[in-house]
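S.K.: Here you go, one structure.
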Amino acid sequence: MKITLLAVGRLARSPETELVKTYVERATNAGRALGLGPVEVVEVEARKPGKAAEAEVLKAYLADASQGEKWVIACDEHGAARPSRAFAEEIAALRDRGVRRLVFVIGGADGLDGELLAGANGKLAFGPQTWPHALARAMLAEQVYRAVTILAGSPYHRD
5 MKITLLAVGR LARSPETELV KTYVERATNA GRALGLGPVE VVEVEARKPG KAAEAEVLKA
65 YLADASQGEK WVIACDEHGA ARPSRAFAEE IAALRDRGVR RLVFVIGGAD GLDGELLAGA
125 NGKLAFGPQT WPHALARAML AEQVYRAVTI LAGSPYHRD
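Position one of the sequence shown corresponds to residue 5 (our numbering), numbered consecutively onward.
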């Protein structure tokens with residue numbers, strides 16, 4: 005199952021960008037034997053500001069028929085926060101049900117458009133705090149890597 009982190013905006017060179025790259029590479033390498041990956045980051049930019057314009061470019065990516073069936077999880081403050089082990093189990097269950105692509109969507113500074121949220125298969129929150137987008141991407145990439153290591157039985161995660 006291919007895993008995509010779909011995000012509005014492009015990150016400049018920064019420590020957070022390096023963290024995202026590191027965790028995506030680790031998740032891709034560790035996930036191969038488990039039928040998970042590759043893991044990729046797709047950054048999109050709207051030509052106009054605001055949630056509606058951002059939603060249009062996100063929907064265009066999500067509607068691309070060449071990508072096949074996908075399961076979409078929107079990152080949203082009103083979503084469900086999951087313990088790492090439950091997050092890993094959810095990813096494994098989707099893989100085992102035959103989902104071919106899992107897409108996590110991170111919106112712009114104002115969050116995701118309501119229509120896009122309503123169309124998602126699930127919502128994920130990183131807790132009650134508000135996080136900068138660069139950190140949200142890094143945290144999501146790390147949690148995907150952590151999920152892969154949990155499923156592989158690696159000692160990386162400690163309960």
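Where a beta carbon is used, it is the ideal one built from N, C-alpha and C, also for glycine. Please read all numbers here as calculations on a predicted model, not as lab measurements.
Between which two residues does the beta strand (DSSP E) carrying H137 extend?
M.R.: For the purposes of this step, residue 137 is identified with residue 133 of the sequence shown, where counting begins at 1. Looking at the DSSP string, H137 is not in any beta strand (DSSP E); the run it does join, the alpha helix (DSSP H), is H137 to A156.
S.K.: Looking at the secondary structure, which residues open and close the beta strand (DSSP E) in which V76 lies?
M.R.: By 1-based counting over the sequence shown, the position of residue 76 is 72. Unbroken beta strand (DSSP E) run through V76: K74 to A84.
S.K.: With A165 and A129 assumed to form a contact (beta carbons below 8 Å), what rounded beta-carbon distance in angstroms separates them?
M.R.: Nothing about residue 165 can be reported from this structure: the residues present for the chain run from 5 to 163 only.
S.K.: Could you tell me whether the stretch 74-92 touches the stretch 117-127, using the rule of 3 or more Cβ pairs below 8 Å?
M.R.: yes
S.K.: Enumerated in chain order, which unbroken segments of the beta strand (DSSP E) with a length of 3 residues or greater are wholly contained in the stretch 15-53?
M.R.: If one requires a minimum length of 3 residues, the beta strand (DSSP E) runs lying completely within the stretch 15-53 are 43-48, in chain order.
S.K.: For K52, count neighbouring Cβ atoms within 10 angstroms of its own Cβ and tell me buried if that reaches 16, exposed if not.
M.R.: Position 48 of the sequence shown, counted from the first residue, corresponds to residue 52. The residue in question, K52, is exposed, as its Cβ has fewer than 16 Cβ neighbours within 10 Å.
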